[in-house]
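K.L.:
So that we are looking at the same thing, I have put the structure below in C-alpha cells.
Residue numbers (this note's numbering): 23 to 413.
Take a look at the structure:
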C-alpha cells in the first residue's frame with residue numbers, strides 16, 4: 023500500500039528544491055543592469071551551478087543507500103535554505119557565485135536521492151508511475167522556478183528579494199513536512215564520503231548508456247535553448263518582459279512532464295528513436311528562430327524540446343533506475359543524473375563562451391547543429407539496438 027503522505031511531502035520537497043535552482047534565470051537581466059553583467063558572466067554563473075550539481079552527485083551519490091533517503095533529502099533542503107539566504111544579501115558577483123554553488127549542491131543531492139526515494143515508496147508493479155512522478159516533479163520545479171522568478175520580477179518592487187524570501191519559507195515548510203510525514207528509513211550502514219566512480223550493475227550497462235545519452239541529448243537541447251532565450255528576446259526581439267522569458271523556459275519543462283504521459287502511448291521500440299527525431303526538429307526550429315529573429319519557431323522549439331526530453335527521460339529511467347534493487351538505486355540514480363547534467367551544462371556554457379567571439383545568434387546556431395547531430399546519432403543507435411535480440 024502506498025504511503026500517500028510520504029509521497030506528497032517527498033514530491034513537495036523535490037519540487038521546492040528545483041524551483042530554487044531556476045528562480046535566477048529570469049532575473050539575470052536585472053542583475054546585468056545593476057552589476058554590469060555580460061553574457062559570459064551569466065555563463066560563469068551557470069557553470070558554477072553545474073559544478074555544484076556534479077560535485078554533489080560524485081561525492082554524495084551513494085550516501086542515501088548507506089544512511090537512508092530522508093537524511094539526504096533534509097541535507098538538500100538545508101543547502102537550498104543557505105542558497106536562498108545568500109541571494110537575500112545585497113547582490114555582487116561573489117554572492118551570486120556562492121548562491122549558485124550552494125543551489126547546485128542542493129540540486130545534486132535532491133535529483134539522485136529524490137528520484138530514488140519516490141521510486142522506493144511505490145510497489146514494484148507501480149514503478150513506472152513512480153518514475154513518471156519523479157521526472158514530473160523535477161521538471162515541474164525547474165519550470166515553475168523560471169515562471170515564478172519572471173512574474174515576481176515584473177510585479178514586485180523588490181524583484182531580487184521577494185522570490186528568494188518566498189522560496190526560503192517554502193523550503194522550511196518542506197523540511198518540516200519531511201520530518202513529520204516522511205518515511206524514517208535510516209540505515210545502519212556507516213557514512214563513507216568519497217569520489218564516486220559512477221559504476222552501474224553490469225546487466226543494465228547497455229541500457230544505461232543508451233538511456234543517459236538519449237536523456238542527455240534532450241537536456242543538451244534544453245541547455246542550448248535556455249542559454250539563448252533570455253538574451254535573444256531582449257537583444258533581437260526587443261522583449262524585455264521577465265515573465266515572457268520565464269514563461270518560455272517554463273514551457274520547456276511543462277512539456278517534459280507531458281512527454282512523460284505520451285511515453286505510455288508510444289510502442290517501446292519507437293519511443294526513444296521518435297523522441298530523438300523530435301529533438302532534431304527542435305534544433306531546426308531554434309536555428310530558424312535565431313537566424314530569422316522570429317518568436318513563433320522559438321516557442322515551437324520549446325514545446326518540441328520538452329516533449330522529446332520527457333520521453334527520453336522516461337525511457338532512460340525505466341530501463342535503468344527502476345530495474346535495480348533499492349540498495350543500489352541511489353547510486354545508479356546519481357550516476358544517471360550526473361551524466362545528463364554534464365550534457366546539459368556543456369552546451370549552455372559553450373554558447374556563452376562562443377558568443378564572445380561570434381555573437382549570441384551564431385553561437386546558438388553552432389550548438390543547435392551539434393545537439394541535432396547528437397540526437398540523430400543516439401536515435402539511430404537505439405533503433406539498431408532495439409532490432410537486435412537480447413537488447
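Where is the CB? At the ideal position from N, CA and C, for every residue including glycine.
Taking residue 137 and residue 355 to be in contact with their CB atoms under 8 Å, please state how far apart those CB atoms are, rounded to whole angstroms.
P.N.:
Their Cβ separation, rounded to whole angstroms, is 5 Å, which keeps residue 137 and residue 355 in contact under 8 Å.
K.L.:
Does the beta-carbon distance from residue 362 to residue 241 come in below 8 Å?
P.N.:
The answer is yes: Cβ separation under 8 Å.
K.L.:
Under the three-state reduction of DSSP, which class applies to residue 156: helix, strand or coil?
P.N.:
In the structure shown, residue 156 sits in a helix (DSSP, three-state: H, G or I).
K.L.:
Near residue 14, what residues of its chain come up, given a Cβ to Cβ distance below 8 Å and the 5 sequence neighbours on each side ignored?
P.N.:
The displayed coordinates of the chain run from 23 to 413. Any statement about residue 14 would go beyond what the structure contains.
K.L.:
Exposed or buried, what is residue 309 when buried is set at 16 or more other beta-carbons lying within 10 Å of its beta-carbon?
P.N.:
Residue 309 should be labelled buried.
K.L.:
If you reduce the DSSP assignment to three classes, tell me which class residue 206 lands in.
P.N.:
Coil at residue 206, not helix or strand.
K.L.:
Is the beta carbon of residue 273 less than 8 Å from the beta carbon of residue 321?
P.N.:
Going by C-beta atoms, residue 273 is nearer than 8 Å to residue 321.
K.L.:
Spatial neighbours of residue 156 within its chain, please: CB distance less than 6 Å, with the 5 preceding and 5 following residues excluded, ordered by chain position.
P.N.:
Closer than 6 Å at the Cβ level, and outside the excluded window around residue 156, lie 137, 140.
K.L.:
If you reduce the DSSP assignment to three classes, tell me which class residue 381 lands in.
P.N.:
Of the three classes helix, strand and coil, the one that applies to residue 381 here is coil, per DSSP.
K.L.:
Does DSSP put residue 61 in a helix, a strand or coil?
P.N.:
If DSSP states are grouped into helix, strand and coil, residue 61 belongs with the helices.
K.L.:
What three-state label does DSSP hand residue 413 in the structure shown?
P.N.:
Any reading at residue 413 must be qualified, since the residue scores a pLDDT of 49, below 50, and its modelled position is unreliable; the value itself is stated next. Coil at residue 413, not helix or strand.
K.L.:
For a quick check, are the C-beta atoms of residue 254 and residue 80 less than 8 Å apart?
P.N.:
No.
K.L.:
Residue 110 and residue 183 look like a contact to me (Cβ under 8 Å); what is the Cβ gap, rounded to whole Å?
P.N.:
Yes, they are in contact, since the Cβ atoms of residue 110 and residue 183 sit about 6 Å apart, within 8 Å.
K.L.:
Among 374, 258, 237, which residue has its Cα nearest to the Cα of residue 281?
P.N.:
It is 237.
K.L.:
Could you have a look at residue 315 and say whether DSSP puts it in helix, strand or coil?
P.N.:
If DSSP states are grouped into helix, strand and coil, residue 315 belongs with coil.
K.L.:
Examine the Cβ distances between the region 154-169 and the region 62-71 and report whether three or more of them are shorter than 8 Å.
P.N.:
These segments do not touch.
K.L.:
Reducing DSSP to helix, strand and coil, say where residue 47 ends up.
P.N.:
Residue 47: helix per DSSP, three-state reduction.
K.L.:
Excluding the 5 residues flanking residue 326 on each side, which residues of the same chain have their C-beta closer than 7 Å to its C-beta?
P.N.:
Excluding sequence neighbours, residue 326 sits near 300, 303, 304, 307.
K.L.:
Rounding to the nearest angstrom, what Cα-Cα distance links residue 51 and residue 178 in this structure?
P.N.:
Approximately 15 Å, taken between the alpha carbons.
K.L.:
Just to confirm before moving on: does the CB-CB distance between residue 46 and residue 171 stay below 8 Å?
P.N.:
Going by C-beta atoms, residue 46 is nearer than 8 Å to residue 171.
K.L.:
Tell me, to the nearest whole angstrom, how far the beta carbon of residue 102 is from that of residue 193; I am working on the premise that it is less than 8 Å.
P.N.:
The Cβ separation is near 5 Å, so the contact holds.
K.L.:
Which word fits residue 413, buried or exposed, when buried means at least 16 other C-beta atoms lie within 10 angstroms of its C-beta?
P.N.:
In this prediction, residue 413 has a pLDDT of 49, which is less than 50 and means its spatial position is unreliable; nothing more can be read from the coordinates.
K.L.:
Roughly how many angstroms separate the alpha carbons of residue 186 and residue 390, rounded to a whole number?
P.N.:
Between residue 186 and residue 390, the C-alpha separation is close to 32 Å.
K.L.:
When we look at the beta-carbon of residue 270 and count the other beta-carbons within 10 Å, is it buried (16 or more) or exposed?
P.N.:
Burial call: buried.
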